[in-house]
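First up is the structure itself, then whatever we jot down about it.
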Amino acid sequence: MLLDQETENEIAYELCQLLGRAILPVSGSDGRGAPAATYGTAFFYSELVGATDDGEVVHEWLLTAAATTRAPYGEIGLRPSLTEPAEAAAEPIGLPDFADRWLQLPELGLAAMPTGGLHGHAEDEGWSWRTQQVTDAVAAPADAVARVGAEPASAFVLALGVGDAGARPLEAVIERVARVGDEVRVTTELPSGYVGAPVFGVEAPGGELSLRCLGLLLPADGGGHPVATFDRIRSALAAATADHH
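If you count by my numbering, then the sequence shown holds residues 1 to 245, one letter each, in order.
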């Protein structure tokens, strides 16, 4: 649905509060200390895989676009709001053989990292994560993805831009999303650093606005960006991990 500007601004602000701590900056280079050649955004997604008497069973993933993981050396940046204590965020997590650290889902253009290693790194370094996640409840179900039509609708992209001297400011931008053929697309080309970011749409079932994460922003092509939608992300993760259960 297409919202008025005031409502869009309110939602963009609310998104930063609800999920500002769900995203991390990623960058790729030729090696430790080399200048970054690629920039992207990654976000935490908790996949609901079942339930027991003790509660829900979830797998936590860090998701990004595969294109952001192809450099020989990668860094996952830390942000003071995501680490306890905040000063633990001074040093990024450096990862040689960057592409190999991710489960590559090339049919979607997606890369997914189980977060066990990230939590282990924090424990080794004496700090802990304070993250928010895109949960299964927020991630759009297949019917919500199917309702994205050819008419442009309000969309929100929560990303870490690229500022001066390597700064990665949190940005929530108001965009338009529409279906073109069998693709859901963001209709404008977005700046460096946005690839891999979560894309949100809004529905109003029963009259109340509800925010849904439609999927993940893929690299620009032809004046906009395809979105890897959550119906496909769920299926691909389930298929890729079926052997490990």
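Idealized CB from N, CA, C, for every residue including glycine.
For Y73, the residue or residues it bridges with in DSSP | In the sequence shown, residue 73 corresponds to position 73, counting from 1. DSSP, once it has assigned bridges, lists S29 and P96 as partnering Y73.
Nearest candidate by alpha-carbon position, reference F98, set P80, L108 and A71 = For this step, residue 98 is matched to residue 98 along the sequence shown. Between F98 and the set P80, L108 and A71, the nearest pair of CA atoms involves A71.
What are the boundary residues of the beta strand (DSSP E) that L237 is part of?
-> Taking the sequence shown and counting its residues from 1, one reaches residue 237 at position 237. Per DSSP, L237 belongs to no beta strand (DSSP E); it is in the alpha helix (DSSP H), F230 to T241.
For my contact list, I174 and S154 are in at a C-beta cut-off of 8 Å; report their separation, rounded to the angstrom.
-> As a working mapping, residue 174 is identified with position 174 in the sequence shown. As a working mapping, residue 154 is identified with position 154 in the sequence shown. The Cβ separation is near 7 Å, so the contact holds.
Can you tell me whether D54 is buried or exposed, with buried defined as 16 or more other CB within 10 angstroms of its CB?
-> Within the sequence shown, numbered from 1, the residue matching residue 54 stands at position 54. Classification for D54: exposed.
Evaluate contact between the stretch 55-74 and the stretch 190-205, counting only Cβ atoms and requiring at least three cross-stretch pairs below 8 Å.
-> Below 8 Å, enough C-beta pairs join the stretch 55-74 and the stretch 190-205 to call them touching: three or more.
Buried versus exposed, by CB contacts within 10 Å (16 or more), T69 | Your numbering for residue 69 matches position 69 in the sequence shown. Classification of T69: buried, given that the 10 Å Cβ count is 16 or more.
For P114, name the three-state secondary structure that DSSP assigns.
-> Indexing the sequence shown from 1 puts residue 114 at position 114. Residue state, collapsed to three classes: strand.
Any idea what DSSP makes of P80, helix, strand or coil?
-> Position 80 of the sequence shown, counting from 1, holds the residue named residue 80. P80: helix per DSSP, three-state reduction.
Taking DSSP as the reference, what is the three-state secondary structure of H245?
-> To locate residue 245, count along the sequence shown from 1; it is residue 245. Residue placement at H245 is poorly supported in this model, since its pLDDT is 48, which falls under 50; the coordinates are not used for a value here.
On a CA-only basis, which of Y39, G40, V58 and T41 is nearest L48? Give me that one, please.
-> On the sequence shown, position 48 is the one that residue 48 refers to. Looking at Y39, G40, V58 and T41, the one whose alpha-carbon comes closest to that of L48 is V58.
Rounded to whole angstroms, how far is the Cβ of P92 from the Cβ of L78, which I believe are closer than 8 Å?
-> Looking up residue 92 in the sequence shown gives position 92. Looking up residue 78 in the sequence shown gives position 78. Beta-carbon to beta-carbon, P92 and L78 are separated by about 6 Å, close enough to satisfy the 8 Å threshold.
Mind checking if I174 is an interface residue toward chain C, Cβ cutoff 8 Å exclusive?
-> Here chain C cannot be found, since the structure has a single protein chain.
Kindly indicate which residue of P85, A137, D124 and T188 has the alpha-carbon position closest to the one of S210.
-> Your numbering for residue 210 matches position 210 in the sequence shown. When each option's Cα is compared against that of S210, the closest is A137.
What are the boundary residues of the alpha helix (DSSP H) that includes E203?
-> Within the sequence shown, the letter at position 203 stands for residue 203. Note, E203: premise wrong, no alpha helix (DSSP H); beta strand (DSSP E) at P198 to E203.
Sequence-distant residues of its chain with Cβ nearer than 6 Å to G31 (five each side left out) | Indexing the sequence shown from 1 puts residue 31 at position 31. These residues qualify, in order along the chain: Y73.
Inspect the beta-carbon positions of A240 and L103 and report whether they are closer than 8 Å.
-> Taking the first residue of the sequence shown as 1, we reach residue 240 at position 240. Taking the first residue of the sequence shown as 1, we reach residue 103 at position 103. Closer than 8 Å, so yes.
What's the call for S235, buried or exposed, on a 16-neighbour Cβ count within 10 Å?
-> Mapped onto the sequence shown, residue 235 falls at position 235. Burial call: exposed.
Cβ of V186 within 8 Å of Cβ of G224?
-> In the sequence shown, residue 186 corresponds to position 186, counting from 1. In the sequence shown, residue 224 corresponds to position 224, counting from 1. The answer is yes: Cβ separation under 8 Å.
Report the option in T7, E8 and L18 whose CA atom is closest to the CA atom of V134.
-> Within the sequence shown, numbered from 1, the residue matching residue 134 stands at position 134. Per the Cα distances, L18.
Under 8 Å, do L214 and C16 count as touching if we go by C-beta distance?
-> Here residue 214 is taken as the residue at index 214 of the sequence shown, counted from 1. Here residue 16 is taken as the residue at index 16 of the sequence shown, counted from 1. Not a contact, by the Cβ cut-off of 8 Å.
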